[in-house]
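Colleague: The sequence shown finishes on residue 549 if you use numbering that gives the first Met the number 0, and the numbering steps up by one all the way, no holes.
Please find one structure pasted underneath; my questions will follow.
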Amino acid sequence: MTNAAILLHPDAFETDRPRLLGRHAAGESFLRGFLRHAEVDRFYFWRGRNIDAATLEAAVRALEPIDKPIRWFADFDRPQLHEVGVVALPGPNLDTEAWARRPFGGGAYSLCGLTHTTATARTMTTLANFLIAPVEPHDALICTSRAVRASVEAQLEGVRDYLASEYPGPRRRGEPLLATIPLGINTEQFETRPADRKAWRERLDIPEDAVVALYVGRFNAVEKMNPALMALSLERAAQRCAQRLVWVNAGWASQEDQAEAYHAAVRALCPSVGYRVVDGRPADVRFSIWSVADLFISFSDNIQESFGLTPVEAMAAGLPSVVTDWDGYRDTVRDGEDGFRIDTAAPAPGSGFDMAYWHAHDWWTYPAYVGSVAQLTAIDLDQAADAIAALAANPELRRAQGERAKARAKAVFDWSAIIPQYQALWAEQTARRQAAASAPPAANDPFRPDPFTLFAAYPTRHLAATWRAAVPAGMTWPVAAARLAGPLAAFGAMNRPTLQEAEEIVAWLAEQPGLAVAEIAARFPANRRNAITRGLLWLARFGVIALTPA
Numbered sequence: 000m001t002n003a004a005i006l007l008h009p010d011a012f013e014t015d016r017p018r019l020l021g022r023h024a025a026g027e028s029f030l031r032g033f034l035r036h037a038e039v040d041r042f043y044f045w046r047g048r049n050i051d052a053a054t055l056e057a058a059v060r061a062l063e064p065i066d067k068p069i070r071w072f073a074d075f076d077r078p079q080l081h082e083v084g085v086v087a088l089p090g091p092n093l094d095t096e097a098w099a100r101r102p103f104g105g106g107a108y109s110l111c112g113l114t115h116t117t118a119t120a121r122t123m124t125t126l127a128n129f130l131i132a133p134v135e136p137h138d139a140l141i142c143t144s145r146a147v148r149a150s151v152e153a154q155l156e157g158v159r160d161y162l163a164s165e166y167p168g169p170r171r172r173g174e175p176l177l178a179t180i181p182l183g184i185n186t187e188q189f190e191t192r193p194a195d196r197k198a199w200r201e202r203l204d205i206p207e208d209a210v211v212a213l214y215v216g217r218f219n220a221v222e223k224m225n226p227a228l229m230a231l232s233l234e235r236a237a238q239r240c241a242q243r244l245v246w247v248n249a250g251w252a253s254q255e256d257q258a259e260a261y262h263a264a265v266r267a268l269c270p271s272v273g274y275r276v277v278d279g280r281p282a283d284v285r286f287s288i289w290s291v292a293d294l295f296i297s298f299s300d301n302i303q304e305s306f307g308l309t310p311v312e313a314m315a316a317g318l319p320s321v322v323t324d325w326d327g328y329r330d331t332v333r334d335g336e337d338g339f340r341i342d343t344a345a346p347a348p349g350s351g352f353d354m355a356y357w358h359a360h361d362w363w364t365y366p367a368y369v370g371s372v373a374q375l376t377a378i379d380l381d382q383a384a385d386a387i388a389a390l391a392a393n394p395e396l397r398r399a400q401g402e403r404a405k406a407r408a409k410a411v412f413d414w415s416a417i418i419p420q421y422q423a424l425w426a427e428q429t430a431r432r433q434a435a436a437s438a439p440p441a442a443n444d445p446f447r448p449d450p451f452t453l454f455a456a457y458p459t460r461h462l463a464a465t466w467r468a469a470v471p472a473g474m475t476w477p478v479a480a481a482r483l484a485g486p487l488a489a490f491g492a493m494n495r496p497t498l499q500e501a502e503e504i505v506a507w508l509a510e511q512p513g514l515a516v517a518e519i520a521a522r523f524p525a526n527r528r529n530a531i532t533r534g535l536l537w538l539a540r541f542g543v544i545a546l547t548p549a
């Protein structure tokens, strides 16, 4: 087992937000699980975007009590990350972080990323860049399901084929490790209680003898899943069984003003089914609503999905599930044991060039892309209706499948079972990094080059170490200080001389006019010499000193 510095940013784990996404809930759950179950002697956190450590620490401690030391790294502390050896990222962006690591050497530390959706143009570009960026074999990408890993490998294979057709020989640097580790949950949070069941049924006016199917998730037919498939299947099931069916939808709309139209359209497709809506965002709802149900239903049909956390949460609540045989759902619900998986069908590989082309050229939005692709996913509606009807009519079947689901959730998907897999992966990454010869430090990034290299053809000439500096006649430090502190000179203060350093330079030049640029820089510590050298042009720009080519 080993440790990792966890990159923290509120957008990766805070769930108290109007637009709650699956990655937020997953990030919160992971962080709580890591704090509970990681076998480490201290916690390492890396502050994303240099957010105040006290703010982040308060948010972390609000999730879970911490009785171990915490070591914080600032956003710009990349050179110090070698103390831990592995950095855990909340997304798949190994490429950008590999470029950021490059000035300190490819072996400075390992990167460990995580997939969420892989359907966005941004993520597709990120994955393709794995074969171009200085990603090392000791870096890793965690794929949360077999299905999403297959999609990652398919994209990488396409990029490999292109590179092989254009350039001789294979990539000299090895590719990152792909590991399949599912998302986890803290199963005890989903424990159901008779009191909650009674309270929810009274609140929603649901009789005890009704059979309740529960859906949890966003109300978005385009970007999440089309509820028509669930509505049509529930309506068919209602016609086949004597029990009254009620469908509780606990979720939230991406755009609140569209929620009413969404629910009206769904109700129209299942008039025989009782239809209830609950705001699923508050924490007390997210963890108690499961008690209202007899079974869970979720018909994912969208390529934006990659794992699907809610079926695992339903399993932890002891509910049998009826879900589509789609993406990561295939790794969680075992057909006939924990519930039922409904067959899905999509167009044959190679038949979507036009859709990919439109997506690539921004001729439609991301929602339009994934929504249009999803409209070509069909399911076996009769198979779905039969599964729902079988569970509705048979309490013993619901009980048996629910018990197996709960046991599986605890044994396979609780963070106590998942965190050791993360730590084992980090240990493997560390072993690979220590055993291999990684790339040495290199400052240049060809995709984001030094501006003075990229635009070297712009100026008449370039500052050299032999140029001479002097203070113009009549220039005094009070005049210079007022000028340099003014609004036209003060902006853009990126690693250039401070006012104190500038005052020292002016004082030296007053005593020794004509000092060479190299002589001035040599009077400062080594780590300041580049900033001082180029900063002399800032002083010259505002007339504080004069620079003369040798």
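Even glycine gets a Cβ: it sits at the ideal position worked out from N, Cα and C.
Values in this document were obtained by computation on a predicted structure and should not be read as measured data.
What did DSSP end up calling T364 once you bin it into helix, strand or coil?
Modeller: coil
Colleague: Do you know offhand how far A345's Cα is from A153's?
Modeller: 17 Å
Colleague: Taking only the alpha-carbon atoms, compute the straight-line gap between T532 and G491 and give it to the nearest angstrom.
Modeller: 16 Å
Colleague: Just how far apart, CA to CA, sit H81 and T119?
Modeller: Rounded to the nearest angstrom, the two C-alpha atoms are 32 Å apart.
Colleague: Are the C-beta of L536 and some C-beta of chain C separated by less than 8 Å?
Modeller: Among the chains in the structure shown there is no chain C, since it carries only a single protein chain.
Colleague: Can you tell me which of L294, T323, E135 and R31 puts its alpha carbon nearest to the alpha carbon of N393?
Modeller: L294
Colleague: Only counting the same chain, and skipping five residues up and downstream in sequence, which positions put a Cβ closer than 7 Å to that of A391?
Modeller: Hits under 7 Å: V210, A236, C240, Q242 and L244.
Colleague: Extract the residue ranges of the beta strand (DSSP E) inside the segment 256 to 302, only unbroken runs of 3 or more that lie entirely within it.
Modeller: 273 to 278 and 294 to 297
Colleague: Are three or more beta carbon pairs between the segment 104 to 123 and the segment 444 to 462 nearer than 8 Å?
Modeller: no
Colleague: Going by beta-carbon coordinates alone, are L213 and A264 separated by less than 8 Å?
Modeller: no
Colleague: Helix, strand or coil, according to DSSP, for I378 in the structure here?
Modeller: strand
Colleague: When burial is assigned at 16 or more other CB atoms within 10 Å of the CB, is H461 buried or exposed?
Modeller: A residue is called buried once 16 or more other Cβ atoms fall within 10 Å of its Cβ, and H461, having fewer, is exposed.
Colleague: Quick check on the burial criterion: 16 or more other C-beta atoms within 10 angstroms. Buried or exposed for R41?
Modeller: Result: exposed.
Colleague: Would you call the CB atoms of P133 and R101 closer than 8 Å?
Modeller: yes
Colleague: By the three-class DSSP mapping on this structure, what secondary structure does F129 have?
Modeller: In the structure shown, F129 sits in coil (DSSP, three-state: anything other than H, G, I, E or B).
Colleague: A267 and N219: beta carbons closer than 8 Å?
Modeller: No.
Colleague: Mind checking which residues open and close the beta strand (DSSP E) that includes I69?
Modeller: According to the DSSP assignment, I69 belongs to the beta strand (DSSP E) that extends over I69 to F72.
Colleague: Comparing C-alpha positions only, which one of I50, T429, R202 and R275 sits nearest to A87?
Modeller: T429
Colleague: Please name the residue in P512, W199, N301 and G351 whose C-alpha comes closest to that of P471.
Modeller: P512
Colleague: Would the beta-carbon of V215 fall within 8 Å of that of I302?
Modeller: no
Colleague: Ends of the beta strand (DSSP E) at A545?
Modeller: A545 to T547
Colleague: Between which two residues does the alpha helix (DSSP H) holding T323 run?
Modeller: It is not in any alpha helix (DSSP H) - T323 instead sits in the beta strand (DSSP E) that spans S320 to T323.
Colleague: Looking at the strands, I want to know which residues DSSP matches up with T179.
Modeller: The secondary-structure analysis by DSSP pairs T179 across a beta bridge with C142.
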